[in-house]
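Engineer:
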Amino acid sequence: MADTIEFELVSPQRLMKSEPVEMVVVPGAEGDIGVLPGHSPLICTVRAGVIDIHEGGSVKERIFIGGGFCEVSPERCTVLAEEAVATTDIDRSEADERVRAAEEALSGADDDGRAEAERRLGIAQQLKAAADGAGSG
């Protein structure tokens with residue numbers, strides 16, 4: 000079995016990552032998914048949260064994603080994210096403003112728009128948590 004698995008992270012704007020990694024932890028909709036070389040095949044949705052890329056037994060990089068899909072094979076882990084940004088690149092004031100705007104939108108949402116407004120608020124809150132360094136779960 001290989002020591003690494005190929006990890007790809009694709010956002011609507013670009014291919015953000017494509018590199019071999021020792022392990023990647025993805026925020027799955029049903030809970031975090033740790034992916035190592037030789038992982039069983041899997042397709043799942045992912046929630047807003049932080050992807051942890053491991054090297055040398057510790058986290059070397061953290062990337063916020065705003066939800067999407069993940070496909071895992073024994074050799075590869077591909078995440079198609081609705082949005083993606085390295086946690087070190089998150090602007091805290093923009094994250095705060097995004098939460099405020101989402102709360103305002105939710106308070107004014109009608110029955111038809113409530114679910115989408117709640118989803119957007121959840122993503123904004125996870126982005127803020129990632130900016131504050133608490134976005135690991």
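Per numbering that gives the first Met the number 0, the very first residue in the sequence shown carries number 0; after that it's consecutive. Here a beta-carbon is modelled for each residue, glycine too, at the ideal position from N, C-alpha and C. It should be emphasised that the depicted structure is a prediction, and the values quoted were computed from it without experimental measurement.
In the DSSP assignment, the beta strand (DSSP E) including ASP51 goes from what residue to what residue?
Structural biologist: Counting along the chain, the beta strand (DSSP E) containing ASP51 begins and ends at 41-54.
Engineer: Apart from the five residues on each side of it in sequence, which residues of its chain come closer than 7 Å, Cβ to Cβ, to ALA104?
Structural biologist: Contacts found: ALA116 and ARG119.
Engineer: Entirely within the region 74-109 and at least 4 residues each: give me those alpha helix (DSSP H) ranges in chain order.
Structural biologist: The region 74-109 contains these whole alpha helix (DSSP H) runs: 91-106.
Engineer: Over what stretch of residues does the alpha helix (DSSP H) that includes LEU126 continue unbroken?
Structural biologist: Its alpha helix (DSSP H) spans residues 113-130.
Engineer: Examine the Cβ distances between the region 91-98 and the region 9-29 and report whether three or more of them are shorter than 8 Å.
Structural biologist: Flag = no, the region 91-98 and the region 9-29 do not touch.
Engineer: Is the region 66-83 close to the region 33-42, with three or more CB pairs under 8 Å?
Structural biologist: Yes, the region 66-83 is in contact with the region 33-42.
Engineer: Does ASP51 pass the burial test, meaning 16 or more other C-beta atoms within 10 Å, or should it be called exposed?
Structural biologist: The residue in question, ASP51, is buried, as its Cβ has 16 or more Cβ neighbours within 10 Å.
Engineer: So, under 8 Å CB-CB, VAL9 and CYS69 are touching, yes? Tell me the CB distance rounded to an integer number of Å.
Structural biologist: Their Cβ separation, rounded to whole angstroms, is 11 Å, which puts VAL9 and CYS69 out of contact at 8 Å.
Engineer: Under 6 Å Cβ to Cβ from CYS43, same chain only, skipping five residues before and after it: list those, please.
Structural biologist: GLY27 and CYS69.
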